[in-house]
């Protein structure tokens, strides 16, 4: 099916080749949609390796706090079908902690139960189309300040409560992933892991947020972005939080203006991907073209790395990378490269050598809880 077009079917063929088996006409998976971590792969409910190839759907992080809605653009089944027609299998949904928790004076029409119900309904519609949902903590603010943008880190005041609530709401949904914090930046790796003091407020470290999720009983994969706006993963493995579920995923954000260049992809990202699953949670470029993402997507395909394009919104190039010019799925000059690349992945292709064997995934043993 178009919405499951990234599922890696690991089959042993006579020629010792593996295939990426895609059926764009199927609407629903044969087994319930689910995703988990096995070694350095994400796997579906059949135990088959799966790459997340999808889009971000921005709006739920800002419309509510700005006081005019919950989504920016349509959020119905028809609009989701337009996304699925691009052969994606995942949608990343940025969230606002104030709107979810109903704090700091957000209009109640767009906060609390109304916001949570809208997000839940949207996730359900995605699943009906065979799409995984990535729930991302995007906008935060400490204390009584409104969450009107990104901060250097999640805050100790509200972010743990946000994740405790989100995880409690979705812990029975096997087709979601939790993305701890959009883009940490301008902090140390020690602060990233354990939290620290910043002028006027305290951050929440990634270990605290992992604990908040796991304390609810939720076992779904947790994505964690690195430093430098999630573009620096050089210290990720050395500072990996402890996770009793052993289901952590490294999140990498990659734009044409970032410092992690192709040589960094080889030296850092590929090395990390040999140890843990890597999902490129945001991918884009700021020149209205697609040469940069073309290069990265081909590289990521060869290394078994997932990627999620930024963004399925109609902003236009002047306001950031936008994949579409309307919500029926008409691509921009940038988006046409992303759409056509995904379309080119449909059908049998040769997989990287490490995926040419029947998967019998070992359990990762680092940072095990006693």
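Numbering (the working numbering), first residue to last: 1170 to 1539.
We put the beta carbon where it would ideally sit given N, CA and C, even for glycine.
Predicted, not measured: the structure shown is a model, and the values here were computed from it.
When C-alpha distances from residue 1345 are compared across 1294, 1247, 1309, the shortest belongs to 1294. Around residue 1381, the same chain offers 1329, 1332, 1333 as residues with beta carbons nearer than 6 Å, after the five sequence neighbours per side are excluded. Distance from the Cα of residue 1207 is smallest, within the candidate group 1502, 1497, 1283, 1446, for 1446. Three or more Cβ pairs drawn from the region 1458-1470 and the region 1497-1507 lie within less than 8 Å of each other, which places the two stretches in contact.
Residue 1401 is bridged by DSSP to 1396.
Taking all protein chains shown into account, residue 1426 has fewer than 16 neighbouring C-beta atoms within 10 Å of its C-beta and is therefore exposed.
For residue 1434, there is no enclosing alpha helix (DSSP H), as DSSP marks it with neither H nor E.
Residue 1415 and residue 1302 have their C-alpha atoms spaced approximately 20 Å apart. When DSSP states are grouped into helix, strand and coil, residue 1308 belongs to the strand group. DSSP lists 1423, 1478 as the bridge partner or partners of residue 1452.
Ranked by Cα distance from residue 1370, the options 1270, 1422, 1313, 1229 are led by 1313. Residue 1335 carries a helical assignment under DSSP once its states are collapsed to helix, strand and coil. When secondary structure is reduced to three states using DSSP, residue 1210 falls in the strand class. Note on geometry: alpha-carbon atoms of residue 1373 and residue 1357 lie some 13 Å from one another. Taking 8 Å as the cut-off, the Cβ atoms of residue 1262 and residue 1229 count as close. Using a Cβ-Cβ distance cut-off of 8 Å, the region 1259-1276 and the region 1221-1235 are in contact, since at least three pairs of beta carbons, one from each stretch, lie closer than that value.
Put simply, the backbone Cα of residue 1512 is about 26 Å away from that of residue 1392. Counting the other Cβ atoms within 10 Å of the Cβ of residue 1359 gives fewer than 16, which makes it exposed. In the displayed model, residue 1382 falls within a helix according to three-state DSSP. With 16 or more other CB atoms across the displayed protein chains lying within 10 angstroms of its CB, residue 1351 is buried. A residue is called buried once 16 or more other Cβ atoms fall within 10 Å of its Cβ, and residue 1475 is buried on that count. Cβ neighbours of residue 1441 within its own chain (closer than 8 Å, five residues either side excluded): 1402, 1405, 1406, 1419, 1447. In this structure, the beta-carbon distance from residue 1204 to residue 1410 does not fall below 8 Å. Membership of residue 1228 in any beta strand (DSSP E) is not indicated, and neither H nor E is assigned to it by DSSP.
The DSSP-derived three-state label of residue 1406 is helix.
Of the candidates 1340, 1336, 1292, 1348, 1348 places its Cα closest to the Cα of residue 1323. With 16 or more other Cβ atoms inside 10 Å of its own Cβ, residue 1255 counts as buried.
Straight through space, the alpha carbons of residue 1488 and residue 1424 are spaced by roughly 14 Å. With fewer than 16 other CB atoms across the displayed protein chains lying within 10 angstroms of its CB, residue 1432 is exposed. In this structure residue 1201 is exposed. Its beta-carbon is surrounded by fewer than 16 other beta-carbon atoms within 10 angstroms.
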